[in-house]
Ligand SMILES: Nc1ncnc2c1ncn2[C@@H]1O[C@H](COP(=O)(O)OP(=O)(O)O)[C@@H](O)[C@H]1O
Ligand SMILES: [Mg+2]
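Residue numbers (UniProt numbering): 1 to 468.
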């Protein structure tokens with residue numbers, strides 16, 4: 001059994017605790033259900049395709065430049081705990097004090113050291129300006145593989161507020177000085193990445209993100225570095241984390257959970273077809289775009305793994321038993337995590353949660369007993385039992401039919417997958433991004449970074465990140 005010290009991410013951001021689905025402040029209503037059921041079948045013809053903003057590369061510089069609370073909610077006639085996250089926190093101010101992806105350590109007992117075997121070659125080194133912003137032509141419209149290396153520098157952007165904090169740095173809202181559009185930049189402190197033995201994962205994050213292109217995956221436009229930090233330029237996804245929506249709603253109605261689960265399923269299907277395991281599925285890493293469709297962000301643990309790997313990483317509540325037991329594992333850990341995600345969306349807490357102690361969670365995962373609350377739809381429960389199973393010969397997604405077995409499960413019966421893939425199905429909840437582009441109101445507030453970005457000087461770790 002792993003010790004806490006082996007795991008990178010811990011969940012510490014908690015629920016507002018006191019809201020339920022009938023609350024006037026709950027953003028999702030049960031009444032959303034019939035509409036969603038209808039739209040999932042594709043009756044709605046209103047197309048909500050991605051906007052130009054979502055796929056617009058930032059212009060480049062043309063000049064050289066350098067827990068659960070006590071189960072006390074009234075909606076729970078069975079007495080089944082509805083919330084599983086620490087003390088109720090009624091005030092959003094709480095979040096300002098709390099980093100929900102707080103560094104809780106490090107992993108890597110058996111680094112795999114597998115050579116990169118991506119379909120696509122690494123971006124040409126020649127495109128990297130020498131610590132400057134020599135202009136390069138914008139990437140062609142939607143090439144098979146985007147060339148994302150070294151096109152930007154810090155001076156191309158005006159850094160604005162923090163959108164989220166992570167284990168090694170933070171994500172900022174930024175505005176391009178060239179096209180005035182908004183982007184998100186993930187800033188990773190090199191020293192922290194090295195200290196937490198995440199060099200390989202960070203290089204993988206960059207490489208995997210460069211390689212993928214899918215409606216439900218975040219778009220990476222480029223990366224750069226200075227003496228202290230690594231920077232990843234992504235689309236800004238305005239609608240906030242699914243985590244926040246779920247905590248505000250307490251739990252999602254069955255069709256709402258189904259909608260998000262279906263979009264995640266399509267993304268996993270795509271990633272697995274490229275032999276990429278995602279390994280960090282959880283609501284904190286699922287963002288809502290302005291129309292309410294999902295974008296998966298955070299490829300910090302994503303890795304190309306054609307068969308089997310051993311690295312212990314992820315977030316305790318979401319770890320599959322074979323990971324907890326330090327066995328070799330494969331893509332099917334993502335299907336396990338999908339089960340945990342669906343459970344959390346339907347119930348408001350994760351199935352193995354236990355007093356907030358990761359060791360307790362691991363014990364529960366290995367015991368494998370899941371209590372299904374009576375309000376879970378029988379089809380959903382059937383799917384969950386087939387995903388949250390330690391028996392790899394039975395786990396849906398890992399069988400002969402692969403991800404199609406998941407998609408063909410009765411719980412997803414009304415999903416028209418082709419239309420969903422095209423975002424041709426209305427989302428159940430449209431985030432109130434009222435102030436237009438650059439509105440970050442859907443994100444929690446965090447204390448801002450005090451150390452200046454863009455410092456020159458000693459860079460003992462620069463050589464470790466050749467692709468940035
Ligand atoms: N492209 C993005 N647009 C808006 N917010 C983002 C974006 N990427 C990440 N975030 C926010 O920043 C948080 C931390 O980023 P993430 O990549 O998950 O870091 P970590 O690997 O440390 O968990 C996310 O949970 C999310 O709230
Ligand atoms: Mg994250």
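All C-beta atoms, glycine included, are put in the ideal place defined by N, C-alpha and C. All of these numbers come straight from a predicted model, not from anything done at the bench.
Item                                                                                                                                                               : Value
Relative to the C-alpha of residue 431, which candidate in 413, 287, 400 has its C-alpha closest?                                                                  : 287
Quick test of the definition: if touching needs 3 or more C-beta pairs under 8 Å, does the segment 224-241 touch the segment 284-304?                              : yes
Let me check you understand the geometry: is the CB of residue 284 closer than 7 Å to at least one non-hydrogen atom of ligand 2?                                  : yes
Does the distance between the C-beta of residue 171 and the nearest non-hydrogen atom of ligand 1 fall short of 7 Å?                                               : yes
Give the secondary structure of residue 229 by DSSP, where H, G and I count as helix, E and B as strand, and everything else as coil.                              : strand
Measuring CB atoms only, is the segment 260-278 touching the segment 322-342, in the sense that at least three cross pairs come out at less than 8 Å?              : yes
Whole angstroms are fine: how far does the CA of residue 165 sit from the CA of residue 448?                                                                       : 10 Å
Can you grab the Cα-Cα spacing for the pair residue 470 / residue 418, in whole Å?                                                                                 : Examination of residue 470 is not possible in this model, given that the chain is present from 1 through 468 alone.
For residue 294, which beta-bridge partners are listed by DSSP?                                                                                                    : 288
Using only the alpha-carbon positions, how far apart do residue 311 and residue 435 sit?                                                                           : 43 Å
Per DSSP, residue 429 forms a beta bridge with which residues?                                                                                                     : None; residue 429 has no bridge partner.
Does the contact criterion of 3 or more C-beta pairs under 8 Å hold for the segment 226-236 versus the segment 171-187?                                            : yes
Roughly how many angstroms lie between the CA atoms of residue 412 and residue 452, to the nearest whole one?                                                      : 48 Å
Let me make sure I understand the geometry here. Which of 355, 260, 323 has the alpha-carbon closest to that of residue 308?                                       : 323
Taking the alpha helix (DSSP H) that residue 305 falls in, what are its first and last residues?                                                                   : That residue, residue 305, is in no alpha helix (DSSP H); it is neither H nor E in DSSP.
So the candidates are 269, 159, 255; which of them puts its Cα closest to the Cα of residue 236?                                                                   : 159
At the level of alpha carbons, what is the spacing between residue 463 and residue 225?                                                                            : 11 Å
Are the beta-carbon atoms belonging to residue 299 and residue 163 less than 8 Å from one another?                                                                 : no
Using a 10 Å radius around the Cβ and a threshold of 16 neighbouring Cβ atoms, would you call residue 400 buried or exposed?                                       : exposed
With DSSP as the reference, label residue 455 as helix, strand or coil.                                                                                            : coil
Consider the C-beta atom of residue 184 and the heavy atoms of ligand 1; say whether any pair is separated by less than 7 Å.                                       : yes
Under the rule that 16 or more other beta-carbon atoms within 10 Å means buried, what is residue 427, buried or exposed?                                           : buried
Leaving out five residues on either side along the sequence, give the residues of the same chain with a beta carbon under 6 Å from the beta carbon of residue 168. : 188, 189, 192, 193
What's the C-alpha gap between residue 442 and residue 433?                                                                                                        : 7 Å
Indicate the three-state DSSP secondary structure (helix, strand or coil) for residue 462 in the structure shown.                                                  : helix
For residue 448, which three-state DSSP category applies?                                                                                                          : coil
Report all residues from its chain with a CB closer than 7 Å to the CB of residue 468; omit the five preceding and five following residues, and keep chain order.  : 206, 223, 224, 225, 230
Please state whether the Cβ-Cβ distance between residue 531 and residue 334 is less than 8 Å.                                                                      : Only positions 1 to 468 of the chain appear in this structure, which leaves residue 531 out of reach.
What residues match up with residue 329 in a beta bridge as DSSP calls it?                                                                                         : 309
Write down the C-beta distance between residue 375 and residue 381 rounded to the nearest angstrom, noting that I regard them as a contact closer than 8 Å.        : Not quite, the Cβ-Cβ distance comes to about 10 Å (not below 8 Å), so this is no contact.
Nearest-angstrom Cα distance between residue 321 and residue 370?                                                                                                  : 13 Å
Under three-state DSSP, which class holds residue 192?                                                                                                             : helix
Using 7 Å as the cut-off, classify the Cβ of residue 444 as near or not near the heavy atoms of ligand 2, replying yes or no.                                      : no
If you follow the beta strand (DSSP E) that residue 176 is part of, which residue opens it and which one closes it?                                                : 169-176
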